[in-house]
Structures are given as C-alpha cells and as structure tokens.
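J.: For the sequence shown, position 59 matches number 59 in full-length UniProt numbering, and the numbering has no gaps at all. Below you will find the structure I want to go over with you.
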Amino acid sequence: MKKKSYRVEISIFDGQIMSSSCDCPRGLDTCHHMCAIAFFVHYNVSITDLACSGMFNILNFKPISNDIEEIHITAFYEDLKECGPTGFSWLLSPDPIINSSDYETPNIKNILFSKEFHLTKNKNEYLKQKLALTLDAVLKIKDITIGQIDNPLWLITRKNRLTASNFGKVLRAHRRAKYPPSLFKTLSGTYNLHVIKQIQWGRNNEKVAISAFEKLHSRSVIQSGIWLSLSGVLGASPDGIVEDAVVEVKCPYKYRNNKLYDAIKNEKNYIITIENGSYIINKNHDYYHQIQGKLYMCNKLKCYLIVWTCIDIVIVMIEKDLQWISNINILENFFFDKFVPYLLAGSV
1 MKKKSYRVEI
11 SIFDGQIMSS
21 SCDCPRGLDT
31 CHHMCAIAFF
41 VHYNVSITDL
51 ACSGMFNILN
61 FKPISNDIEE
71 IHITAFYEDL
81 KECGPTGFSW
91 LLSPDPIINS
101 SDYETPNIKN
111 ILFSKEFHLT
121 KNKNEYLKQK
131 LALTLDAVLK
141 IKDITIGQID
151 NPLWLITRKN
161 RLTASNFGKV
171 LRAHRRAKYP
181 PSLFKTLSGT
191 YNLHVIKQIQ
201 WGRNNEKVAI
211 SAFEKLHSRS
221 VIQSGIWLSL
231 SGVLGASPDG
241 IVEDAVVEVK
251 CPYKYRNNKL
261 YDAIKNEKNY
271 IITIENGSYI
281 INKNHDYYHQ
291 IQGKLYMCNK
301 LKCYLIVWTC
311 IDIVIVMIEK
321 DLQWISNINI
331 LENFFFDKFV
341 PYLLAGSV
C-alpha cells in the first residue's frame, strides 16, 4: 500500500545538493521524489532569486520523437546500474511482483491501522501474535530479499522494523533512559544523506572488497537478504554469508588512499582499533552492536569484518558474544513499549 504523500527535504548550497531525505522506502538511497523536487526547483527558480536581467527560455529546444523499443530501455537500465544508485535507474527498475504465497512478512503499518488492532483490548499481545514468524518464514524472507537495496521487497520488509544498523543507537538510549526525537526519526525511515560520497563509495567498492576476501581465504561469499527475528520486529542484512560466519564490509572514504595502520593507530573512535600490534573491534562503537545483532539474527558463530581501502585490506574476525543475547529483549521491549506508540502517533 503506497502513501499518497511523503515528506521530502533537500538542502542546497551554492548550487550543490548538500543533503536530502525522504520518508518513502527508497529514501534510504535516492528516490524519484527527491529527483522530482530537485528538477522542480531547478526549472522554477523564484524571480526574486535572480539578478535583474532578462528571463531566458530554458526550454528552448526541439525534441525529436522516436519509437523506443523495450530492448533499448533494458540496455539503458543496465548501463545506469554500473553508475551506482541513481534516481532514474529506480524509475526504470521493474515493479516487484508480490505474491501472497511468496511474501509472508507481516506489514507493521497495516496491522497498526487495522480495525482489528484498534478493537482488541490487549494491543501488545495482538501485535506480537500477528508479527511472530516461523523459522521457515524467516529463511524464505531471507531468500526473497536477496539484492537488498536493489530489491524492493527488502525495502518493504525492513520498513518500521528495528534493523541491526540502529541497535547501538537504541541500546545507548536505553542505558541513558533518554529517547530523543532524532532517534525515532532515524528508526522511522527519515534518512539524512549528508554523507552521500561516503555511502556511494562504500557501495561501489563492496564487491571489490568481498572479491579480495574470497581470494585471500579461498572461500565463496554467498549473498543474503534480510534475516528477521522470530518475533518479527528485529532484522539484519549481512553483506554476505560464508559457512558459519557473516561477512561485513567497510570501505572508509576518509581513509580510501591510506594504509589502515597509519590511518587509525592514534584513532580511538573508529570501528576497529589497534591493541598490541593487532586489529580488534572497538566494543565502544555502535558497529559492535550491529555485528553482534547480525550474528544472533543469522544464527552464526563469528563475523569476518573486511575493512578495505585502495591500497590496503584488513580482515578482523569477531566471535559471537554470548553475553550480548540479553540485548535482544531490550530491543524487542523498546519496539513494543516505545517505538509502536511513536508510530501510532501518526509518524508511520
């Protein structure tokens, strides 16, 4: 079910888009709502924003009509995919075919705004029953959402769920017993792309990093979709799976042309640190909770964290922390006690 309207924000400075956000499922990356607003602003500049000069006809061209065959559209779409995420490639992407027999994920928004939910007395218990999944359903959802951001089903499935990338933020808020509005804004899907270069750099080089890992370890990394908890409210999307381990990739734009040892030897706030000459995970970083969350969601024993730059690659093996499991209850309780009321307030 599509919303009729979405909140779109674009920040522009000196003719350049500095940041953008949209609360649609595609707002995680680049959606056509952002593109439409950008085009509208470009072609509809206020007269007060211009110097006192003549207004030129910016549409002074004669378009040539031509019949476009489907094969040309497909070829254009494939070429665009090589350029990384673009709004136009999303417009050309095929619509997802959602068959009820294939797609078994409960839609949180539909449940919360259903007549049955509002008539029931014990709303939390009703919601828990409707969202609960079997192991077979979890595995099926994991398979049909392979492709992640390029797969619309992945975007639909993660919507309004707590995903591993936000586990650290929620746990930090729980420890402080403070839940700022910015936390709920992040969780509800209003993404701020103020680091567009960094995000695009990471996505463009993820496959390169995985290929390097496969050569070094003589192992094949299997693609994965999103793994949901049996409660149906938590989710994790590993960059890959290899045997009893998840694979996570980081391609830091900041260090892209550096040897990692030199870049982070005095850095205490990065996801990995150096201790006694060896690389270890920074347990004080939110990313540690993201990795542990993925290990529990995917039921794996360890994680291979690949940190890749143009001239270096570091692979850190992180074992499953058996004490971390207590955080699962904290996250699920937060979902039902804090996040659901926020969604019901009209921010879904």
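Each residue gets a CB set at the ideal place from its N, CA and C atoms; glycine is no exception.
Looking at the unbroken alpha helix (DSSP H) that takes in L139, where does it start and where does it end?
T.: Position 139 of the sequence shown, counted from the start, is the residue given in the question as residue 139. Residues 135-144.
J.: Are there 16 or more other CB atoms within 10 angstroms of the CB of I71, so buried, or fewer, so exposed?
T.: Start at 1 with the first residue of the sequence shown, and residue 71 comes out as number 71. Exposed, since its Cβ has fewer than 16 Cβ neighbours within 10 Å.
J.: Roughly how many whole angstroms lie between the Cα atoms of T120 and I17?
T.: Translated into the one-based positions of the sequence shown, residue 120 becomes position 120. Translated into the one-based positions of the sequence shown, residue 17 becomes position 17. If I take the Cα positions, the gap works out to 47 Å.
J.: Under 8 Å, do L171 and L230 count as touching if we go by C-beta distance?
T.: As a working mapping, residue 171 is identified with position 171 in the sequence shown. As a working mapping, residue 230 is identified with position 230 in the sequence shown. No, the Cβ-Cβ distance between L171 and L230 is not below 8 Å.
J.: With a CB to CB cut of under 6 Å and the five nearest residues on each side skipped, what residues in its chain are close to I274?
T.: For the purposes of this step, residue 274 is taken as the residue at position 274 of the sequence shown. Contacts found: K265.
J.: By DSSP, does C24 sit in helix, in strand, or in coil?
T.: By one-based count along the sequence shown, residue 24 stands at place 24. Three-state result, C24: coil.
J.: What is the DSSP secondary structure of C35, reduced to helix, strand or coil?
T.: Counting from one through the sequence shown, the residue named residue 35 turns up at place 35. Looking at C35 - three-state DSSP - the assignment turns out to be helix.
J.: For the beta strand (DSSP E) holding G235, just list the boundary residues, first then last.
T.: Position 235 of the sequence shown, counted from the first residue, corresponds to residue 235. Taken as a continuous stretch (DSSP letters only), the beta strand (DSSP E) holding G235 covers 234-236.
J.: In chain order, what residues of the same chain lie with their CB nearer than 7 Å to the CB of F334, ignoring the 5 residues before and after it?
T.: Position 334 of the sequence shown, counted from the first residue, corresponds to residue 334. Excluding positions up to five away in sequence, the list reads V170, H174.
J.: Our contact map puts R256 next to C303 with C-beta atoms below 8 Å; I'd like the distance itself, whole angstroms only.
T.: As a working mapping, residue 256 is identified with position 256 in the sequence shown. As a working mapping, residue 303 is identified with position 303 in the sequence shown. With 8 Å as the limit, R256 and C303 do not qualify as a contact, their Cβ atoms being about 23 Å apart.
J.: Below 8 Å on the Cβ atoms is my contact criterion, and I expect V316 with I272 to pass it. Report the Cβ-Cβ distance as a whole number of Å.
T.: Taking the first residue of the sequence shown as position 1, residue 316 is located at position 316. Taking the first residue of the sequence shown as position 1, residue 272 is located at position 272. Going by Cβ atoms, the distance from V316 to I272 rounds to 6 Å, so yes, they are a contact pair.
J.: Is the beta carbon of D286 within less than 7 Å of some heavy atom of the ligand GTP?
T.: Inclusion of the ligand GTP in the displayed structure is not the case, the ligand content being empty and no account of it being possible.
J.: Can you grab the Cα-Cα spacing for the pair Y77 / I210, in whole Å?
T.: Along the sequence shown, read from residue 1 onward, the residue named residue 77 stands at position 77. Along the sequence shown, read from residue 1 onward, the residue named residue 210 stands at position 210. Distance between the alpha carbons of Y77 and I210 is about 25 Å.
J.: Over the uninterrupted alpha helix (DSSP H) stretch that includes D262, give me the two end residues.
T.: Counting from 1 along the sequence shown, the entry for residue 262 is found at position 262. Unbroken alpha helix (DSSP H) run through D262: 260-264.
J.: Per DSSP, C303 is paired with what?
T.: Residue 303 sits at position 303 when you count from the first residue of the sequence shown. V246, I318, per the DSSP bridge assignment.
J.: Which residue or residues does DSSP assign as beta-bridge partners of D312?
T.: Sequence index remark: in the sequence shown, residue 312 carries index 312 (1-based). Beta-bridge pairing links D312 to T309.
J.: Where do the N-terminal and C-terminal ends of the alpha helix (DSSP H) with residue 353 fall, by residue?
T.: Nothing in the structure corresponds to residue 353, since the chain is present only between 1 and 348.
J.: Got a sec? Which residues, its chain only, sit under 7 Å from A263 by beta carbon, not counting five neighbours each side?
T.: Counted from its first residue, the sequence shown places residue 263 at position 263. Excluding positions up to five away in sequence, the list reads Y255.
J.: From the DSSP secondary-structure annotation, give me the bridge partner or partners of V8.
T.: By one-based count along the sequence shown, residue 8 stands at place 8. C22.
J.: Are there 16 or more other CB atoms within 10 angstroms of the CB of L193, so buried, or fewer, so exposed?
T.: If you number the sequence shown from 1, residue 193 lands on position 193. Confidence at L193 is low in this model, with a pLDDT of 49, below 50, so the placement of that residue should be treated as unreliable; the coordinate-derived value is given next. L193 should be labelled buried.
J.: Between the alpha carbons of D151 and I144, how many angstroms are there, rounded?
T.: Here residue 151 corresponds to residue number 151 of the sequence shown, with the count starting at 1. Here residue 144 corresponds to residue number 144 of the sequence shown, with the count starting at 1. Rather than Asp, the amino acid found at residue 151 in this sequence is Asn. Their Cα atoms are separated by approximately 9 Å.
J.: Please report the straight-line C-alpha distance between N299 and H217, rounded to a whole angstrom.
T.: Taking the first residue of the sequence shown as position 1, residue 299 is located at position 299. Taking the first residue of the sequence shown as position 1, residue 217 is located at position 217. Rounded to whole angstroms, N299 to H217 spans 22 Å at the Cα level.
J.: Helix, strand or coil, according to DSSP, for G168 in the structure here?
T.: Counting from one through the sequence shown, the residue named residue 168 turns up at place 168. Helix at G168.
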